[in-house]
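K.L.:
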Amino acid sequence: MAKLYFYYAAMNAGKSTTLLQADYNYRERGMETMLWTAGFDDRSGSGTIGSRIALSAPAATYGDDTDLFVAVGEEVKQRKLDCLLVDEAQFLTRDHVLQLCRIADEIGIPVLCYGLRTDFRGELFPGSAALFALADALIELKAVCECGRKAMMNLRVDGEGHAVAAGAQTEIGGNDRYIALCRRHFFERLRESEASQLPLDLPRR
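Each number in my numbering corresponds to the 1-based position in the sequence shown with 1 added.
1. So, are the CB atoms of Leu85 and Ser52 less than 7 Å apart?
2. Which residue wins for smallest C-alpha separation from Cys183, given the options Leu135, Ala166 and Cys148?
3. Would you kindly report the start and end of the unbroken beta strand (DSSP E) that includes Leu82?
4. Measuring alpha carbon to alpha carbon, tell me which residue in Phe121, Gly48 and Leu135 is nearest Val165.
5. Would you kindly report the start and end of the unbroken beta strand (DSSP E) that includes Arg157?
6. Give the range of the alpha helix (DSSP H) segment to which Gly51 is assigned.
7. For the beta strand (DSSP E) containing Ala58, list its first residue and its last residue.
8. My output table needs one value for Ile108: the three-state DSSP class, helix, strand or coil.
9. Using only CA atoms, which one of Gly128, Arg190 and Tyr25 lies nearest to Tyr6?
10. Checking 7 Å against the spacing of the C-beta atoms, do Ile114 and Leu135 come in under that value?
11. Verify whether the separation of the beta carbon atoms of Ile50 and Thr38 is less than 7 Å.
12. Whole angstroms are fine: how far does the CA of Glu195 sit from the CA of Ala105?
13. My output table needs one value for Gly74: the three-state DSSP class, helix, strand or coil.
14. Assuming Lys16 and Gly123 form a contact by the criterion Cβ under 8 Å, report the distance between their Cβ atoms to the nearest whole angstrom.
15. Find out if the Cβ-Cβ distance for the pair Ala3, Leu142 is shorter than 7 Å.
16. What residue ranges within the stretch 123 to 156 form continuous alpha helix (DSSP H) runs of no fewer than 4 residues, ordered along the chain?
Given below as C-alpha cells:
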C-alpha cells in the first residue's frame, strides 16, 4: 500500500539533496518519478530543485490553486508513475496535503515530501502542520547547531547578523538569511537581538 511520507528538518540538513538522491535511486532502477516544488521559489531557477552541493533536477511547480490530485491523474494517463517527490513541502496548503493523501490512497503512488518543520518564529508552517497530522510516516533529517547539538530551529538574521523576530513567514530572495540552531541558542540569539535594540538611556524608576 502506498504511503505519504514527510521528511522534515531545520535549514541546511540536506533535504533537497536527499530528495534528489531518492529520485536518482528510483530512476536507476528503471522506475518513473515526478518531482514538484513551490512555484514562487526560484532560488535555483523556476521549476528547478537545487541543493547546496550543486545537484539539481527539473520539477513541476505548484501554487495555491494547483490541484495535485488532478495534475498527477493527468500525468499517469501519459506514463506510469512509481513515486512522487515534493520539495519545499512546508509551502503546501492543507488542501494540497489532502490531495497528496488521495494520490497515495486512491492512485497508489508513494508520496515523499521534504520540508521545514517551523519558521523563523518557531511556528509550524501550514503545510508542515498538515503533514504532521496526516502523513503515514514522519522522518526527521538531522541538522547541526554551531554548538554541535541537533539544530531544530531556523533563525532569520539580517545583513548585519542580527536576529529577526518579525516579518512575513515566507521570504524568497530577500536580503535576510537563515541559520539552523538548537532551541537554546535560537532563543538566546533572539533575546540578544531584542536587548541590543533597547535605548541606552532608559529612564530610572
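Virtual Cβ for every residue (Gly too), placed ideally from N, Cα, C.
P.N.:
So, to answer that:
1. On the sequence shown, position 84 is the one that residue 85 refers to. On the sequence shown, position 51 is the one that residue 52 refers to. Contact: no.
2. As a position in the sequence shown, residue 183 is number 182, starting the count at 1. Looking at Leu135, Ala166 and Cys148, the one whose alpha-carbon comes closest to that of Cys183 is Cys148.
3. One-based indexing of the sequence shown puts residue 82 at position 81. Element bounds for Leu82: n/a, residue is neither H nor E.
4. The residue given as residue 165 occupies position 164 in the sequence shown. The shortest C-alpha separation from Val165 is found at Phe121.
5. As a working note, residue 157 is residue 156 in the sequence shown. Where Arg157 is concerned, the enclosing beta strand (DSSP E) stretches over Met154 to Val158.
6. Taking the first residue of the sequence shown as position 1, residue 51 is located at position 50. Segment Thr49 to Gly51 is the beta strand (DSSP E) holding Gly51; no alpha helix (DSSP H) there.
7. Working through the sequence shown from its first residue, we reach residue 58 at position 57. Bounds of the beta strand (DSSP E) holding Ala58 are Ser57 to Pro59.
8. For the purposes of this step, residue 108 is identified with residue 107 of the sequence shown, where counting begins at 1. In the structure shown, the three-state DSSP call for Ile108 is helix.
9. The residue given as residue 6 occupies position 5 in the sequence shown. Of the listed residues, the one whose Cα sits closest to Tyr6 is Gly128.
10. Working through the sequence shown from its first residue, we reach residue 114 at position 113. Working through the sequence shown from its first residue, we reach residue 135 at position 134. Looking at the sequence shown, residue 114 is not Ile but Cys. Between Cys114 and Leu135, the C-beta gap is not smaller than 7 Å, which leaves the two residues out of contact.
11. Stepping through the sequence shown from its first residue, residue 50 is reached at position 49. Stepping through the sequence shown from its first residue, residue 38 is reached at position 37. In this structure, Thr38 lies closer than 7 Å to Ile50 by Cβ.
12. Here residue 105 refers to the residue found at position 104 when the sequence shown is read from its first residue. Here residue 195 refers to the residue found at position 194 when the sequence shown is read from its first residue. Straight-line spacing of the CA atoms in Ala105 and Glu195 works out to 45 Å.
13. Reading the sequence shown from its first residue, position 73 is the one you call residue 74. In the structure shown, Gly74 falls within a helical segment according to DSSP collapsed to helix, strand and coil.
14. As a first step, residue 16 is located in the sequence shown; it is residue number 15 there, counting from the start. As a first step, residue 123 is located in the sequence shown; it is residue number 122 there, counting from the start. No, Lys16 and Gly123 are not in contact; Cβ-Cβ is about 19 Å, not under 8 Å.
15. To locate residue 3, count along the sequence shown from 1; it is residue 2. To locate residue 142, count along the sequence shown from 1; it is residue 141. It is not a contact, given that the beta carbons lie outside the stated cut-off.
16. DSSP runs (the alpha helix (DSSP H)) wholly in the stretch 123 to 156: 127 to 135.
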